[in-house]
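One structure is given below, encoded as structure tokens.
Numbering (our numbering), first residue to last: 254 to 543.
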């Protein structure tokens, strides 16, 4: 009997404590800090997401062209051509701390293999005008893609989209809208802000690639380092799971965020070459989606 009474007293005490807890006050405090977090994100998140080099790392010479986006910005771009007939075109979107002058090591092996490579700077990067933004990145890749299709008369099934880190965002955006030859994603995120929070905690985000993945109708290759210290390896796996077949995943056991070519070595290059040869089997045939 005594135990029953003690149990009842303990339970009733817990109930009273729960009822007496200042839930409303705590809710107001939580709501206040949540609003502060959202406002801070709106004001400063883009500055953290787009750490563009303070000055261009390349000269504005005859090798650099400019395209006008739908909002009137001038976007710098560059084309690298192989010495022999091209096996296809790679539209390369670089990482968030790079510009056109810093990606030569990524581009050169592709040109040596016989591919035409095209890359561009996001607004506020290199010699591109404007300020960095998610929409600006979309407009930039749209402008370059339109040039390739309309001005250079390259068929869509001759173009592979390759995005690295931040560049996977605009690459997924375009791949969900256009049927291209292939999509290569290197160190991709599911969304930009969830690289830090993992779960959605604000009512907005940047580059929601995880939502676009099911709408991508082209063969894809995802490459990610298991020790990535910036974009967790699980992001690459989660995005890969949402992509439709055919698809492949290449993990680099000791790879970090910025050293995959060095750590992956020959296997890294072989995986890429195998993918490119697979999706660019008949580069001279026109695309039915034109």
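Built from N, CA and C at the ideal position, the CB exists for glycine as well.
The structure presented is a predicted model; accordingly, all values stated were derived computationally and were not measured.
Subject >> Neighbourhood of residue 317 by C-beta distance below 8 angstroms, restricted to the same chain and skipping five residues each side >> reply: For the purposes of this step, residue 317 is taken as residue 64 along the chain shown, with counting starting at 1. Within the same chain, residue 317 has close Cβ partners 311, 329, 330, 331, 353 and 380.
Original post:
Counting Cβ pairs closer than 8 angstroms, one from the segment 487-495 and one from the segment 510-520, do we hit at least three?
Top reply: no
Subject >> DSSP three-state assignment for residue 321, whether helix, strand or coil >> reply: Counting from one through the chain shown, the residue named residue 321 turns up at place 68. Residue 321: strand per DSSP, three-state reduction.
**OP:** Taking only the alpha-carbon atoms, compute the straight-line gap between residue 370 and residue 333 and give it to the nearest angstrom.
**Re:** Start at 1 with the first residue of the chain shown, and residue 370 comes out as number 117. Start at 1 with the first residue of the chain shown, and residue 333 comes out as number 80. Their backbone Cα atoms lie some 5 angstroms apart in a straight line.
**OP:** Check whether the Cβ atoms of residue 237 and residue 422 sit closer than 8 angstroms, and answer yes or no.
**Re:** Since the displayed the chain opens at 254 and closes at 543, residue 237 lies outside it and no answer follows.
Original post:
How about the segment 408-417 and the segment 431-442: do they share at least three Cβ pairs that are nearer than 8 angstroms?
Top reply: Contact holds: three or more Cβ-Cβ distances are below 8 angstroms.
Original post:
From what residue to what residue does the beta strand (DSSP E) around residue 529 run?
Top reply: Indexing the chain shown from 1 puts residue 529 at position 276. Looking at the DSSP string, residue 529 is not in any beta strand (DSSP E); the run it does join, the alpha helix (DSSP H), is 513-532.
**OP:** Leaving out five residues on either side along the sequence, give the residues of the same chain with a beta carbon under 7 angstroms from the beta carbon of residue 384.
**Re:** As a position in the chain shown, residue 384 is number 131, starting the count at 1. If we look at residue 384 and ignore the five residues flanking it on each side, its Cβ neighbours are 376 and 377.
**OP:** Can you give me the Cβ contacts of residue 340 inside the same chain, cut-off strictly under 7 angstroms, excluding the 5 residues immediately before and after it?
**Re:** Here the question's residue 340 lines up with position 87 in the chain shown. Closer than 7 angstroms at Cβ, skipping near neighbours: 367, 368, 533 and 536.
Original post:
Do you know how far the Cα of residue 347 is from the Cα of residue 356?
Top reply: Translated into positions along the chain shown, residue 356 becomes position 103. Translated into positions along the chain shown, residue 347 becomes position 94. Between the alpha carbons of residue 356 and residue 347 lies a gap of roughly 7 angstroms.
Subject >> Distance between residue 390 and residue 327 (C-alpha atoms, nearest Å) >> reply: One-based indexing of the chain shown puts residue 327 at position 74. One-based indexing of the chain shown puts residue 390 at position 137. Cα atoms of residue 327 and residue 390: separation of roughly 12 angstroms, rounded to the nearest angstrom.
Original post:
Given residue 507, which residues of its chain have a CB within under 8 angstroms of its CB, disregarding the five upstream and five downstream residues?
Top reply: Here residue 507 refers to the residue found at position 254 of the chain shown. Within the same chain, residue 507 has close Cβ partners 478, 479, 480 and 516.
Original post:
Among 476, 497, 443 and 529, which one has its Cα closest to the Cα of residue 510?
Top reply: By 1-based counting over the chain shown, the position of residue 510 is 257. It is 476 whose Cα lies nearest to the Cα of residue 510.
**OP:** Kindly indicate which residue of 485, 442, 484 and 362 has the alpha-carbon position closest to the one of residue 466.
**Re:** As a position in the chain shown, residue 466 is number 213, starting the count at 1. It is 442 whose Cα lies nearest to the Cα of residue 466.
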